[in-house]
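Residues 1 to 551 (UniProt numbering) make up the sequence shown, in order. Glycine included, each C-beta is placed from N, C-alpha and C at the ideal position. One structure is given below, encoded as structure tokens.
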Amino acid sequence: MYMRNKFLRSFIAVLPRSYATKRSQASLDTNDEVGASFFAKHIGSNYWKWHAALHKHPELKTLKSKDILNSAKALNKLDFTVDDILTRPMILYTNEMTLENRYVVLKECGFVEITIPLLSKFVAAMNRSVVSLKSFRYISYDTDVVERLRTTFSDVDVTLSPDLECNESLELKLLRQRILNCYLRQKLGASSNDIEKIWKTYGRLRHKSFSSIQSVIEVLTKDLKFSYERIIKNAFLLYADACNVKRIIKEVPTIDGQDIKELLYKRPKIMMTSCDGLLTTMQHIREFGIEEGAILRCLEILTLGPDTVLERLKDLNEVEEFQVLSSNPRVLRLVHYQNKARLRLDYLNQLKVRCASLHILSCSSEAFARFARDGSDKTKGRDVVVYLSNVMNKNESDLRNLLSRHPNWCHIPAIQVKQCYEFLIENKFCTQDIYNNIHMLLYPIKRIEEKLKQLNTTDFVKEIKTIENCEELTANEVLTLVLYLIESEFHFTGDGIWTEQHTQHVENFNNLLPDFPESLNKIYKYGLKSGSASISSKKESKDSFKEYVFN
């Protein structure tokens, strides 16, 4: 018993204290506050035991209630009692999938008894040699751990290389890595370079259970028709959960009529999202009035957490430049790249660039930098046409044909068109009258107001009416006349669309732009890989991977 306690204390010494940084904000899914009463009610035991546990571990109060319940449910499924949990309450900080995976890994390695203290010190246990674990009676002396791990794979008779050191003097994690390397070579045909890349990029794979890796490969090859080469290129899939992938295929069979299997093949990263999260994300999208077909234009949206998607969808109503794009079929690109889009919008506003299209806000870093440097404050008109098509219920092609008659229509931002349309609607002009005078939407509201006031003066009305016909002008005629009056001041050149702040010609706009700041090319802002980082990564010594790759 003394040796057992000593071993556990040694685990505690190497355990990284990173709990407090895992979640920074509580988000309750029930009406209960995450406190002692919540734990006692939903997990069991009594108030005072949980009160003492929370006093010792206040970090537990920062957890989401649904995460607590899921972790407790997973532990209960593994036959752990509430009293077991109370011995190490911080075990609830580990999510349910990780708990189940770690339990299976310990079983595969031949641990005699798996307890909550052992499960909570999983990483420390993996850093111990098999000999050490046997000396503390965690693994039976007569258990051949190497053979046990080798035969865990049932689809391939894993053959260990004769010149490969695979014995019980190795750390358990390293022994598992070497056996897994053999499996990847024989099952997928992975080369030494492939294995090196896998361990370099997806190091946490070392703690994934062998049975899970085998199961996910089976689902990928049989259900989704992935080739071995494609699995190697998307090696993160080895960390996917086979049951979750099967649930996605079953519960989300199609998206806007397209087979989910085809979509998963096209965007494998979607499989790393939980099925429940996927369903919740799609529900949020529908609740905001976005058609399901928009998902097909930005499948990456399904790789974000549902809470993140919900927050960003709400933000669409807070930024006016985003509001006008909310009906665009590609709006989910704006949601997916929203942080980047906000930074770009702020930068363009500083440059007095008004035409920030959805494409510019969500395009590649190189394309955005080129747009900012070129200084061409114009778009292709797509956002304006889509917006008007939705609010007017008119054909996009017809709208574009009408708008294109104005020489400068592509220089007007969609937000200005939206503001002008809403202004005219508030002033009792109907949609058809506005459509008949569609170019009115390109002009500054201030100029339109001036002409409307001018039309209301008695002297001016007398001038434009014949003596025989004194009837009032129709709304359609008013808009036509306003448009005529504005452009007559500019000799019908189309320059009446410019406000006082934007009277300069577009062709000279390039001279007004400052240099594009190099600081905006950083990876955390625009997703560019820094040259120094890529170069330094290539210079890393291959010796650092000698424990992961063997010949």
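query	result
For residue 65 and residue 34, believed in contact at Cβ under 8 Å, the rounded distance	6 Å
Same chain, Cβ closer than 6 Å to residue 480, neighbours up to 5 away in sequence not counted	437
First and last residue of the uninterrupted alpha helix (DSSP H) at residue 277	275-287
Residue 439 versus residue 406 - alpha carbon distance	7 Å
Cβ-based neighbour list, residue 392, same chain, cut-off 7 Å, excluding 5 preceding and 5 following	431 and 435
As assigned by DSSP and simplified to three states, the class of residue 39	helix
Local Cβ density within 10 Å of residue 256, reported as buried at 16 or more and exposed below that	exposed
Residue 378: first and last residue of the uninterrupted alpha helix (DSSP H) it sits in	Neither: residue 378 is in no alpha helix (DSSP H) and is coded neither H nor E.
Per-residue DSSP class, three states only, for residue 218	helix
Residue span of the alpha helix (DSSP H) that contains residue 402, given as start and end	396-403
Beta-bridge pairing of residue 168 - partner residues as DSSP gives them	For residue 168, which the question treats as bridged, DSSP gives no partner whatsoever.
For residue 256, the three-state DSSP class (helix, strand or coil)	coil
Same chain, Cβ closer than 7 Å to residue 511, five either side skipped, listed in chain order	Annotation note: pLDDT 38 at residue 511 (below 50); position unreliable, no value reported.
Residues near residue 336 by beta carbon distance below 6 Å, same chain, minus five either side	298, 300 and 301
Residues that DSSP places opposite residue 360 in a beta bridge	Answer is none; residue 360 lacks a bridge partner.
contact_flag[the segment 352-363, the segment 440-456] where n(CB pairs < 8 Å) is 3 or more	no
N- and C-terminal bounds of the alpha helix (DSSP H) containing residue 339	338-350
Span of the alpha helix (DSSP H) around residue 134	130-135
Assigned exposure category for residue 164 - 16 Cβ within 10 Å defines buried	exposed
Beta-carbon proximity of residue 413 to residue 372, cut-off 9 Å	no
Close Cβ partners of residue 104 (< 8 Å) along its chain, the five nearest in sequence each way excluded	209, 211 and 212
Within the segment 92-145, ranges of the alpha helix (DSSP H) (whole runs, at least 4 residues)	96-109, 116-120, 122-126 and 130-135
Pairwise C-alpha distance: residue 169 and residue 132	8 Å
For residue 386, three-class secondary structure by DSSP	helix
8 Å contact criterion, which residue 311 and residue 345 should meet: CB distance rounded	Not quite, the Cβ-Cβ distance comes to about 17 Å (not below 8 Å), so this is no contact.
Residues near residue 22 by beta carbon distance below 7 Å, same chain, minus five either side	Below a pLDDT of 50, predicted positions are generally treated as unreliable, and residue 22, at 38, falls in that range; the measurement from the model is reported next regardless. Taken in chain order, the residues that qualify are 93.
Coil, strand or helix - residue 489 by DSSP	coil
Three-state class that DSSP yields for residue 181 in the structure shown	helix
Residue 97 versus 197, 54, 68 and 220, residue with shortest Cα-Cα distance	68
Pairwise C-alpha distance: residue 227 and residue 146	29 Å
8 Å contact criterion, which residue 125 and residue 172 should meet: CB distance rounded	7 Å
Contacts around residue 223, its chain only, beta-carbon distance under 8 Å, and the 5 residues preceding and following it disregarded	245, 246, 249 and 261
Proximity test, Cβ basis, 9 Å: residue 34 and chain D	The structure shown has no chain D; it contains just one protein chain.
9 Å Cβ cutoff met for residue 238 and residue 206	no
Residue environment, residue 354, which counts as buried when at least 16 other CB atoms sit within 10 Å	buried
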